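Chemist: Dropping a structure here in structure tokens format, bear with me for questions.
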Amino acid sequence: MITNDNMKQLISLKRSLTDKTEEILNSQIVMEGKSSAYYLSMASWCERSGYSNSAQFLYKHSEEERMHMLKIFHYINDAGGHALQPEITGIRHDFGSLREIFELILEHEISVTRSINNIVDHCFSTKDFTTFSFLQWYVTEQREEETLARRAVELFDIIGEAGIGLWTIDQEIGKLEQNAALAIASQA
Ligand SMILES: [Fe+2]
Ligand SMILES: [Fe+2]
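Have a look at this one:
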């Protein structure tokens with residue numbers, strides 16, 4: 002007879018995703034969801050401050066972060082786990098300058114890379130090569146995201162903020178993504 006207890010056991014035998022891996026993937030969902038909310042808030046600040054290219058860049062990035070979150074959602078559920086909608090609170094709405102925004106993005110992306118690396122390390126040491134392989138997409142993505150954020154921060158030193166500097170920086174931020182993609186493709 003199949004009781005509730007042995008049914009639970011049968012179900013758990015039908016998944017290779019461990020509880021621990023499910024838990025840390027859910028933590029990464031929180032991080033990607035926070036990135037999406039953080040960039041949306043930054044986009045709004047840029048839009049109302051007149052930095053329309055930066056705003057557009059950040060609205061698009063907010064959408065991308067949501068896509069990063071959803072990819073993990075589907076992975077967890079497909080693997081027999083339960084993806085959890087994250088609680089997202091404490092998102093900052095005000096920023097001191099356009100430069101501060103891009104410095105915060107770079108800092109944030111570095112912390113995301115660190116988090117992804119920790120999960121990859123966990124998957125490798127627990128021989129969860131399925132999740133390890135799934136995460137390779139994030140490893141590559143983080144490299145691109147960090148490069149992009151670093152290029153944006155560099156613009157402030159290269160161009161300078163005086164006079165029409167900030168206006169020019171905003172224009173260049175609009176072209177950044179295309180330039181970064183070309184730079185990465187040339188190194189491949
Ligand atoms: Fe992300
Ligand atoms: Fe990101």
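Residues 2 to 189 (the working numbering) are what the sequence shown spells out, left to right. Yeah, the Cβ is synthetic: ideal placement off N, Cα and C, and Gly gets one too. Small disclaimer: the values here were computed from a predicted structure and weren't measured.
1. Three-state secondary structure (DSSP) at Y52?
2. With respect to 7 Å, is the separation between the Cβ of E66 and the closest non-hydrogen atom of ligand 2 below this value?
3. Please confirm whether any heavy atom of ligand 1 lies closer than 7 Å to the CB of S36.
4. In its own chain, which residues sit with a C-beta less than 6 Å from the C-beta of E33, not counting the 5 before and 5 after it?
5. Just to confirm, are G81 and L136 a CB contact at a threshold of 8 Å?
6. Let me confirm a value: K1 is counted as buried when at least 16 other C-beta atoms fall within 10 Å, else exposed. Which label applies?
7. Take the Cβ of T132 as the centre, count every other Cβ of all protein chains shown within 10 Å, and call the residue buried at 16 or more, exposed below.
8. Answer yes or no: the CB of V113 versus the heavy atoms of ligand 1, is any distance below 7 Å?
9. Does the distance from the CB of V140 to the CB of I117 come in under 8 Å?
10. For the alpha helix (DSSP H) that S112 lies in, which residues bound it at each end?
11. Nearest CA to the CA of S98: which residue from K15, I111 and W168?
Modeler: Per the coordinate set shown:
1. Residue mapping note: residue 52 aligns to position 51 of the sequence shown, counting from 1. The answer is coil: DSSP assigns Y52 none of H, G, I, E or B.
2. Mapped onto the sequence shown, residue 66 falls at position 65. Under cutoff, so the answer is yes.
3. Sequence index remark: in the sequence shown, residue 36 carries index 35 (1-based). Because some heavy atom of ligand 1 lies under 7 Å away, the Cβ of S36 counts as near it: yes.
4. Here residue 33 refers to the residue found at position 32 when the sequence shown is read from its first residue. Contacts found: E66, H69 and M70.
5. Here residue 81 refers to the residue found at position 80 when the sequence shown is read from its first residue. Here residue 136 refers to the residue found at position 135 when the sequence shown is read from its first residue. No; because the gap between Cβ atoms is not below 8 Å, this pair is not in contact.
6. The requested residue 1 is not part of the displayed model; the chain covers only 2 to 189.
7. The residue labelled residue 132 in the question sits at position 131 within the sequence shown. T132 is buried by the Cβ-count criterion.
8. As a first step, residue 113 must be located in the sequence shown, where it is residue number 112. Yes; taking the cut-off as 7 Å, the Cβ of V113 has a heavy atom of ligand 1 nearer than that.
9. Here residue 140 refers to the residue found at position 139 of the sequence shown. Here residue 117 refers to the residue found at position 116 of the sequence shown. Yes, they are a contact pair.
10. What you label residue 112 is simply residue 111 of the sequence shown in a count that begins at 1. Here the alpha helix (DSSP H) through S112 covers L99 to S126.
11. The sequence position of residue 98 within the sequence shown is 97, counting from 1. Here the closest residue by C-alpha is W168.
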